[in-house]
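S.K.: Residue numbers (UniProt numbering): 1 to 395. After the structure tokens below, expect a handful of questions from me.
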């Protein structure tokens with residue numbers, strides 16, 4: 001029997017449905033080619049091909065999609081007949097109709113198994129499923145083999161300087177953090193090529209996913225519950241001279257089942273790939289963040305107050321949770337230039353929707369989105385604001 005050349009780990013959502021060891025240099029994944037796939041009618045007869053080109057150190061793995069069915073590589077859609085090079089831990093995904101999930105196929109080369117899987121991470125943990133991609137890394141659900149505890153791991157390729165610096169920064173930030181509303185790190189394992197940051201596994205939805213599923217905004221009692229916990233997490237970070245720099249709806253999770261009573265749920269801030277520990281300086285120069293959350297100071301050259309940038313991002317989150325819209329996105333105008341102009345001027349584009357929320361919540365958001373960062377609220381002022389401290393809420 002031929003020795004296998006690479007492996008494919010296959011998951012339907014949370015469930016592992018197969019592991020394949022491929023012995024052919026040219027392999028086609030599809031219902032006509034793989035027996036156990038025949039029951040999955042949403043997979044094409046010939047869905048994609050993996051071909052090995054070159055030998056030894058020059059060996060490369062090439063993925064070619066053979067169907068018009070939507071197929072993703074690392075969350076990017078791949079058109080039919082497009083050839084792309086793939087690496088170990090890359091994820092090929094096929095949406096499962098009417099199931100709101102995907103079949104995820106994780107690619108592992110033989111070279112990776114020989115060089116990397118001897119690393120103590122793989123002797124302690126087993127990869128269970130692909131969760132998604134965070135800043136500069138892929139996130140998987142894993143199981144600790146000695147006690148079956150379910151955890152998560154972010155795996156970051158550290159052969160590139162920028163990714164290596166990001167991985168080191170995230171690991172160092174998480175080492176200093178212990179708070180109920182912030183993801184907990186367990187350990188960091190490093191090989192020659194990868195850093196493995198092992199963290200708690202948070203079951204639930206991000207705020208972005210929850211809003212998309214709910215298809216309506218949070219009411220103000222729900223916003224207060226979320227916001228108070230978010231502010232507590234940010235206050236803890238800022239008190240420890242840590243800035244997050246990428247606070248957004250996608251980086252905050254609601255822990256637990258969302259059909260439970262809302263006031264019993266708690267939120268978890270995660271993804272510290274852009275996080276930074278400040279020593280004596282209160283200002284930073286690195287430009288970070290995500291466009292809709294970008295503060296006016298990020299758009300300008302020169303240093304900015306990282307703490308006040310976190311406040312701006314939280315203000316954008318509150319605005320979206322209240323109105324279902326980003327404050328500076330002009331309706332019908334798909335222009336990054338207009339977005340930047342509105343941010344610099346602090347021009348709120350959805351005033352009608354904004355005016356429908358309570359005056360207390362409006363006032364809090366306005367003070368978090370002041371263009372002049374010297375006048376913008378601190379996290380302590382946010383916590384002391386009447387919207388958070390008073391029990392009266394508009395529902």
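The beta-carbon is built from N, C-alpha and C at its ideal position, and this holds for glycine as well. These numbers were taken from a predicted model, which means no experiment stands behind them.
Could you tell me whether the segment 195 to 209 touches the segment 148 to 163, where touching means 3 or more Cβ pairs closer than 8 Å?
M.R.: As far as the Cβ criterion goes, the segment 195 to 209 touches the segment 148 to 163, which means the pair count is three or higher.
S.K.: Cα separation between residue 237 and residue 181?
M.R.: By 1-based counting over the chain shown, the position of residue 237 is 237. By 1-based counting over the chain shown, the position of residue 181 is 181. Those two C-alpha atoms are separated by around 11 Å.
S.K.: Does the Cβ of residue 175 have 16 or more other Cβ atoms within 10 Å, making it buried, or fewer, making it exposed?
M.R.: In the chain shown, counting from the first residue as 1, residue 175 sits at position 175. With fewer than 16 other Cβ atoms within 10 Å, it is exposed.
S.K.: Quick check: the segment 30 to 42 against the segment 80 to 93, are there 3 or more CB pairs under 8 Å?
M.R.: Contact fails: fewer than three Cβ-Cβ distances are below 8 Å.
S.K.: Given residue 386, which residues of its chain have a CB within under 7 Å of its CB, disregarding the five upstream and five downstream residues?
M.R.: The count along the chain shown starts at 1 and reaches residue 386 at position 386. Result list for residue 386: 360, in chain order.
S.K.: Give the straight-line distance between the Cα atoms of residue 251 and residue 15, rounded to the nearest whole angstrom.
M.R.: Your numbering for residue 251 matches position 251 in the chain shown. Your numbering for residue 15 matches position 15 in the chain shown. So the alpha carbons of these two residues sit roughly 24 Å apart.
S.K.: Have a look at residue 99 and residue 13 and give me their C-alpha separation to the nearest angstrom.
M.R.: Residue numbering aside, residue 99 sits at position 99 when the chain shown is read from its first letter. Residue numbering aside, residue 13 sits at position 13 when the chain shown is read from its first letter. Each residue's alpha carbon lies about 9 Å from the other.
S.K.: Would you tell me roughly how many angstroms separate the C-alpha atoms of residue 381 and residue 312, rounded to the nearest one?
M.R.: As a first step, residue 381 must be located in the chain shown, where it is residue number 381. As a first step, residue 312 must be located in the chain shown, where it is residue number 312. Distance between the alpha carbons of residue 381 and residue 312 is about 13 Å.
S.K.: Which residue's Cα is closest to the Cα of residue 297: 390, 68, 369, 171?
M.R.: As a position in the chain shown, residue 297 is number 297, starting the count at 1. Minimum Cα distance to residue 297 is reached at 369.
S.K.: Residues in the same chain with beta-carbon distance under 7 Å from residue 145, minus the five sequence neighbours each way, listed in chain order, please.
M.R.: Taking the first residue of the chain shown as 1, we reach residue 145 at position 145. The residues are 124, 125, 126.
S.K.: Along the chain, which unbroken stretches of the beta strand (DSSP E) at least 3 residues long are found entirely within the segment 138 to 203?
M.R.: As far as the segment 138 to 203 is concerned, its whole beta strand (DSSP E) runs of at least 3 residues are 149 to 157, 185 to 190, 194 to 200.
S.K.: Enumerated in chain order, which unbroken segments of the beta strand (DSSP E) with a length of 3 residues or greater are wholly contained in the segment 75 to 132?
M.R.: For the segment 75 to 132, whole beta strand (DSSP E) runs of length 3 or above, ordered along the chain, are 83 to 86, 91 to 96, 101 to 109.
S.K.: Does DSSP classify residue 320 as helix, strand or coil?
M.R.: As a first step, residue 320 must be located in the chain shown, where it is residue number 320. Here residue 320 sits in helix by DSSP.
S.K.: Taking the alpha-carbon of residue 54 as reference, which of 242, 47, 62 has the nearest alpha-carbon?
M.R.: Taking the first residue of the chain shown as 1, we reach residue 54 at position 54. Among 242, 47, 62, the Cα nearest to that of residue 54 belongs to 62.
S.K.: Using C-beta distances below 8 Å, list every residue in its chain close to residue 75, excluding the 5 sequence neighbours before and after it, in chain order.
M.R.: If you number the chain shown from 1, residue 75 lands on position 75. For residue 75, where only same-chain residues beyond five positions count, the Cβ hits under 8 Å are 91, 93, 132, 133.
S.K.: Curious, which full-length beta strand (DSSP E) runs of at least 3 residues does the segment 218 to 265 contain?
M.R.: Fully enclosed beta strand (DSSP E) runs of 3 or longer: 252 to 255.
S.K.: Comparing C-alpha positions only, which one of 58, 39, 8, 17 sits nearest to residue 48?
M.R.: For this step, residue 48 is matched to residue 48 along the chain shown. Minimum Cα distance to residue 48 is reached at 8.
S.K.: When you compare each of 245, 172, 354 to residue 187 by their alpha carbons, which one comes out closest?
M.R.: As a position in the chain shown, residue 187 is number 187, starting the count at 1. Of the listed residues, the one whose Cα sits closest to residue 187 is 172.
S.K.: Let's see if you can read the secondary structure: which residues bound the beta strand (DSSP E) around residue 29?
M.R.: As a first step, residue 29 must be located in the chain shown, where it is residue number 29. Where residue 29 is concerned, the enclosing beta strand (DSSP E) stretches over 26 to 29.
S.K.: Over the uninterrupted beta strand (DSSP E) stretch that includes residue 7, give me the two end residues.
M.R.: The residue labelled residue 7 in the question sits at position 7 within the chain shown. Unbroken beta strand (DSSP E) run through residue 7: 6 to 12.
S.K.: Please report the Cβ distance between residue 293 and residue 248, rounded to the nearest whole angstrom; I am assuming they are in contact, meaning their Cβ atoms lie under 8 Å.
M.R.: Within the chain shown, the letter at position 293 stands for residue 293. Within the chain shown, the letter at position 248 stands for residue 248. Confirmed, about 5 Å.
S.K.: Between residue 80 and the rest of its own chain, which residues show a CB-CB distance below 6 Å, the 5 nearest in sequence each way excluded?
M.R.: Start at 1 with the first residue of the chain shown, and residue 80 comes out as number 80. Answer for residue 80: 65, 68, listed in chain order.
S.K.: On the DSSP bridge list, what partners appear for residue 48?
M.R.: Sequence index remark: in the chain shown, residue 48 carries index 48 (1-based). Per DSSP, 29, 65.
S.K.: Can you check whether the CB of residue 212 is closer than 8 Å to the CB of residue 267?
M.R.: Walking along the chain shown from the start, residue 267 turns up at place 267. Walking along the chain shown from the start, residue 212 turns up at place 212. Against a cut-off of 8 Å, the Cβ pair of residue 212 and residue 267 comes out as no contact.
S.K.: When the Cα of residue 140 is compared with those of 149, 147, 148, 130, which residue comes out closest?
M.R.: Mapped onto the chain shown, residue 140 falls at position 140. Comparing Cα-Cα distances from residue 140 to each of 149, 147, 148, 130, the minimum goes to 130.
S.K.: Quick check on residue 310: does DSSP put it in helix, strand or coil?
M.R.: Your numbering for residue 310 matches position 310 in the chain shown. Three-state result, residue 310: helix.
S.K.: Assuming residue 16 is part of the alpha helix (DSSP H), what are its boundary residues?
M.R.: One-based indexing of the chain shown puts residue 16 at position 16. Premise fails: residue 16 lies in the beta strand (DSSP E), 15 to 22, not in any alpha helix (DSSP H).
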